[in-house]
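A.B. asks:
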Amino acid sequence: MVPTNSAIQTSARLVIFDWAGTMIDFGCQAPVEVLLALFQQRGVPVTTAQAREPMGAAKRDHIAAILAIPEVATRWETKFGALPMEADVDAIYADFLPLQKTILSQHAGAIPGAADVLTQLRQQDIQIGSTTGYTRELMDVLLPFAADQGISPDYVITSDEVPQGRPAPDMIQKIMSLSGITDPSQVVKVDDTPVGIAAGKRAGCVTIGVAASGNQLGLTQAEYDALSADQRDALLEPVRAIFREAQADFVIDTLADLPSILAQI
Numbered sequence: 090m091v092p093t094n095s096a097i098q099t100s101a102r103l104v105i106f107d108w109a110g111t112m113i114d115f116g117c118q119a120p121v122e123v124l125l126a127l128f129q130q131r132g133v134p135v136t137t138a139q140a141r142e143p144m145g146a147a148k149r150d151h152i153a154a155i156l157a158i159p160e161v162a163t164r165w166e167t168k169f170g171a172l173p174m175e176a177d178v179d180a181i182y183a184d185f186l187p188l189q190k191t192i193l194s195q196h197a198g199a200i201p202g203a204a205d206v207l208t209q210l211r212q213q214d215i216q217i218g219s220t221t222g223y224t225r226e227l228m229d230v231l232l233p234f235a236a237d238q239g240i241s242p243d244y245v246i247t248s249d250e251v252p253q254g255r256p257a258p259d260m261i262q263k264i265m266s267l268s269g270i271t272d273p274s275q276v277v278k279v280d281d282t283p284v285g286i287a288a289g290k291r292a293g294c295v296t297i298g299v300a301a302s303g304n305q306l307g308l309t310q311a312e313y314d315a316l317s318a319d320q321r322d323a324l325l326e327p328v329r330a331i332f333r334e335a336q337a338d339f340v341i342d343t344l345a346d347l348p349s350i351l352a353q354i
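In terms of the numbering used here, the sequence shown opens at residue 90 and continues consecutively.
(1) Starting from the C-beta of proline 143, find all residues in its chain whose C-beta is less than 6 Å away, skip the five residues before and the five after it, and write them out in chain order.
(2) Return the first residue and the last residue of the beta strand (DSSP E) that isoleucine 246 is part of.
(3) Anyone know if the C-beta pair for serine 302 and aspartate 272 falls short of 9 Å?
(4) Kindly identify the DSSP beta-bridge partner or partners of aspartate 280.
(5) By the three-class DSSP mapping on this structure, what secondary structure does serine 274 have?
(6) So, at 8 Å on beta carbons, what are the nonlocal neighbours of glutamate 250 in its own chain, with the 5 sequence-adjacent residues on each side left out?
(7) Got a sec, what are the start and stop residues for the beta strand (DSSP E) isoleucine 341 sits in?
(8) Measuring CA to CA, which of Ala146, Ala236, Ile158 is closest to isoleucine 200?
(9) Verify whether the separation of the beta carbon atoms of glycine 283 and glycine 307 is less than 9 Å.
(10) Spell out a yes or no on whether the segment 333-348 and the segment 204-223 are touching, meaning 3 or more CB-CB pairs, one atom from each, closer than 8 Å.
(11) Distance check for alanine 140 and glycine 285, CA to CA, integer angstroms please.
(12) Please classify methionine 90: does DSSP put it in a helix, a strand, or coil?
(13) With DSSP as the reference, please indicate the residues paired to valine 104 in a beta bridge.
(14) My understanding is that phenylalanine 185 touches valine 121, with C-beta atoms under 8 Å, so please give their C-beta distance in whole angstroms.
(15) Near glycine 198, which residues of its chain fall below 8 Å by C-beta distance, leaving aside the five closest residues on each side in sequence?
(16) Just to confirm my understanding: we take serine 194, look at its own chain, exclude 5 residues before and 5 after, and list those with CB closer than 6 Å. What are they?
(17) Taking the C-alpha atoms as reference points, what is the distance between threonine 167 and proline 173?
(18) Are the beta-carbon atoms of leucine 351 and isoleucine 217 separated by less than 9 Å?
(19) State buried or exposed for glutamine 253, treating a residue as buried only when at least 16 other CB atoms are found within 10 Å of its CB.
(20) Have a look at Arg333, Asp319, Gly269, Ile181 and flag the residue whose alpha-carbon is nearest the alpha-carbon of glutamine 129.
(21) So histidine 196 is in the alpha helix (DSSP H); what residue range does that whole segment cover?
(22) When you compare only the Cα positions, how much space is there between glutamine 336 and threonine 99?
Structure, rendered in structure tokens:
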């Protein structure tokens, strides 16, 4: 655990975090659980990998991207006699929101080290922002559970509050505007998806990928804790490579590792 009284020496003045897989919900389980259920209900099951592939996008865009996967589109056409259309995306999305709301609290656990890092940032007057593919309606459900665990950013911007979700930089730029921080070199974007890293790069921020607790690895906290050090390294190296390919400036396992990286900025 990161000591809450240790100072972080950094030039960063604003750190913007993703939510699921970065600050809460180890392995980014909540959206995957709902997406798997919704496609199963329609008789067009998708794999966990297919459900995870577009993670980080706004949820309607996420659903559209799953339907655009050739194997999924073919199964849909076999089932319904036509390729998926915009109306199908709308129908799945309409079912997604209420189902996601019902299970959010089951996957709202803070990722170890996250609350301590936020405390450290506040102690040094570093502003804390957050962006998410969730809608404001979903975040209104999630925020109280997160706050009870010490996860309470200064700014929370959702995908439905800007013209474009990730990989566009709109959410980051809105937080920069609210915070008064105009120099992107003083802004750090921390995210567990390549699309989130892409948004940070487009905004000109320093970018940090999160490998162990995020969507790319996709393990629960219990599954991850049960691994040996060698097993973890074997699984994490391909994930780290994904973030290097996405041109993340740094890659960490979880937020507990963030202070040592901020000290290099």
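Every residue, glycine too, gets a C-beta built ideally from N, C-alpha and C.
C.D. replies: Looking at the atomic coordinates:
(1) His151, Ala154
(2) 244-247
(3) no
(4) Gly298
(5) helix
(6) Arg225, Met260, Lys263
(7) 339-341
(8) Ala236
(9) It is worth fixing the name first, because residue 283 is proline in this sequence and not glycine. Cβ distance not < 9 Å, so proline 283 and glycine 307 don't count as in contact.
(10) yes
(11) 17 Å
(12) With a pLDDT of 43 at methionine 90, under the threshold of 50, the modelled position of this residue cannot be trusted, and the question is left open.
(13) Ile217, Val277
(14) At roughly 12 Å, the Cβ-Cβ gap does not stay under 8 Å, so phenylalanine 185 and valine 121 are not in contact.
(15) Ile113, Asp114, Phe115, Gln238, Gln310
(16) Phe234
(17) 11 Å
(18) no
(19) exposed
(20) Ile181
(21) From DSSP, histidine 196 is part of no alpha helix (DSSP H); its letter is neither H nor E.
(22) 21 Å
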